[in-house]
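Here the sequence shown is numbered in my numbering, starting from 2 and rising by one per residue.
Just so you know, even glycine gets a beta-carbon here, dropped at the ideal spot from N, CA and C.
This structure is a prediction, so every number in the text was calculated from the model and none was measured.
Let me begin by presenting the structure, written as structure tokens, before commenting on it.
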Amino acid sequence: MIERRLFREDHNEFRDVVRKFIDREIAPHHARWEKDGIVPRELWLKAGEAGLLCCTVPEQYGGLGLDYLFDVVVFEEMARSGYTGPGFMIHCDLVATYVGSFGTEEQKRRWLPKMVSGEAIGSLGMTEPHAGSDLKNIRTRAVRDGDDFVINGQKVFISNGQSCDVLVLATRTSSGDKEGGITLFLVDAALPGFIRGKNLEKLGLKAQDTSELFFEDLRVPASAMLGAEGMGFPLMRQKLAQERLAQAIRSATVAETVIEWTLEYTTQRKAFDKTIGDFQNTQFKLAELKTEAVVGRVFTDECIARFMAGELDEIDAAMAKMWLSNMHCKVVDECLQLFGGWGYMWDYPIARAYADARIIKIAGGSIEIMKHIIGRSLLRGERARSA
Ligand SMILES: Cc1cc2nc3c(=O)[nH]c(=O)nc-3n(C[C@H](O)[C@H](O)[C@H](O)COP(=O)(O)OP(=O)(O)OC[C@H]3O[C@@H](n4cnc5c(N)ncnc54)[C@H](O)[C@@H]3O)c2cc1C
2 MIERRLFRED HNEFRDVVRK FIDREIAPHH ARWEKDGIVP RELWLKAGEA
52 GLLCCTVPEQ YGGLGLDYLF DVVVFEEMAR SGYTGPGFMI HCDLVATYVG
102 SFGTEEQKRR WLPKMVSGEA IGSLGMTEPH AGSDLKNIRT RAVRDGDDFV
152 INGQKVFISN GQSCDVLVLA TRTSSGDKEG GITLFLVDAA LPGFIRGKNL
202 EKLGLKAQDT SELFFEDLRV PASAMLGAEG MGFPLMRQKL AQERLAQAIR
252 SATVAETVIE WTLEYTTQRK AFDKTIGDFQ NTQFKLAELK TEAVVGRVFT
302 DECIARFMAG ELDEIDAAMA KMWLSNMHCK VVDECLQLFG GWGYMWDYPI
352 ARAYADARII KIAGGSIEIM KHIIGRSLLR GERARSA
């Protein structure tokens, strides 16, 4: 079997720390959080204290300044555990890196230390009820008023929306060029006019809060702008490869994990005086799924290495997201089949993995949008060659 070569001894030691944290602080409570639809704030503080949040944030902003593989270890171990409540990935991989990459010195000093400690939870507010894939069409408006901007509008499906303290918010600041008219703000969720709507009831990710957010005459200082006015779209594009890579990492890990659960189950469960694993159908199925999981892992690790070298492009990231999301959903579905009726019971982690998997083909750029990006680049290349 192809061995992974990315991690050093210190990453492996950190993996142990993360596993123990999950066993101690998450596993005993996750079923209750699923009923509550939210993870309590204390968990974030404990995760911060254990060094699990925003591992790459530099020391001058309260972090440990570690390499990206430490964040990868946290994402992988969360995915391996099957506990999807804590929205660490959005907090660390998206919000903290937006602040770290595009924030002013003042913004970094204000938010990053608290994001590392878990005192401030981060959220990303892009999607609106009528504009998800088509982000250029967002309508939330930010209008300049002296040294401030006044924001009115609405977002939906915002992960960590009930718990967040800071929101990277995409707004429209000019109505001309749709792409050029988008501006990002780093919004303090305690400000008047920041209104949390419903915690939405979902098919999966039951313990993770996902919300509507409303902005009614929300006044923010111009210094809350992230990057320059009208630069929101190019900034978002810069982070897409990283966001899609994180999702591929989740998919690769979930696929490996559910195959392990299925191997264990099918070697114990009996039917017709044999174990389920004795049937050739089970062996063939697991052989196919394992092969796909290994192929997906190798490609994902190559993308991680390229990302760390600053070489992961939008197309490879889109391929990783598209292929691994499909593989993830297929593996979970076919493994659940081998559990029979027990696989449909919530007490069995495979049931939760099945419900949690479906979103991966939709959020953070749907499968269709990934195909669009890849296809468009192929045609562009072909046209350039024949010109
Ligand atoms: C649980 C969950 C968590 C989320 N978290 C966040 C978050 O934290 N922050 C945030 O901003 N958003 C978040 N989202 C929103 C998510 O990113 C969007 O749902 C996603 O981008 C798709 O947008 P949409 O739902 O409006 O679907 P639409 O854009 O309406 O798409 C509907 C269908 O049409 C297809 N389609 C759209 N355009 C094309 C095209 N050009 N070609 C072919 N097919 C196309 C889509 O692929 C999809 O199948 C979350 C969503 C969910 C469900």
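Per-residue DSSP class, three states only, for residue i
i	result
residue 123	strand
residue 149	strand
residue 6	coil
residue 180	coil
residue 218	strand
residue 190	coil
residue 142	strand
residue 1	Outside the shown range of the chain (2 to 388) lies residue 1, about which nothing can therefore be said.
residue 280	coil
residue 58	coil
residue 362	helix
residue 199	strand
residue 173	strand
residue 291	helix
residue 367	coil
residue 256	helix
residue 134	coil
residue 204	coil
residue 230	coil
residue 118	helix
residue 267	helix
residue 272	strand
residue 387	helix
residue 212	strand
Straight-line gap, residue i to residue j (C-alpha atoms, nearest Å)
i	j	result
residue 1	residue 369	Given a span of 2 to 388 for the chain in the structure shown, any question on residue 1 remains unanswerable.
residue 128	residue 308	26 Å
residue 124	residue 207	17 Å
residue 93	residue 99	9 Å
residue 45	residue 87	8 Å
residue 142	residue 231	12 Å
residue 284	residue 327	21 Å
residue 15	residue 153	43 Å
residue 74	residue 297	17 Å
residue 40	residue 25	15 Å
residue 132	residue 214	14 Å
residue 218	residue 364	29 Å
residue 304	residue 242	10 Å
residue 107	residue 262	47 Å
residue 76	residue 388	44 Å
residue 20	residue 176	49 Å
residue 198	residue 187	19 Å
residue 336	residue 289	11 Å
residue 56	residue 350	28 Å
residue 353	residue 313	32 Å
residue 122	residue 48	12 Å
residue 275	residue 265	15 Å
residue 317	residue 146	42 Å
residue 239	residue 104	14 Å
residue 258	residue 310	28 Å
Exposure label - residue i; buried when at least 16 CB within 10 Å
i	result
residue 245	buried
residue 138	exposed
residue 256	buried
residue 33	exposed
residue 358	buried
residue 196	exposed
residue 252	buried
residue 11	exposed
residue 3	exposed
residue 169	buried
residue 62	buried
residue 281	exposed
residue 161	buried
residue 287	buried
residue 80	buried
residue 346	exposed
residue 269	exposed
residue 35	buried
residue 324	buried
- Whole alpha helix (DSSP H) runs in the segment 62-104 with 4 or more residues, listed along the chain? 69-82 and 98-103
- Task: Enumerate, from N- to C-terminal direction, the unbroken alpha helix (DSSP H) stretches of 4 or more residues contained entirely within the segment 296-355.
- Result: 315-340
- Item | Any alpha helix (DSSP H) of 4 or more consecutive residues that is wholly inside the segment 19-54 | 31-37 and 42-50
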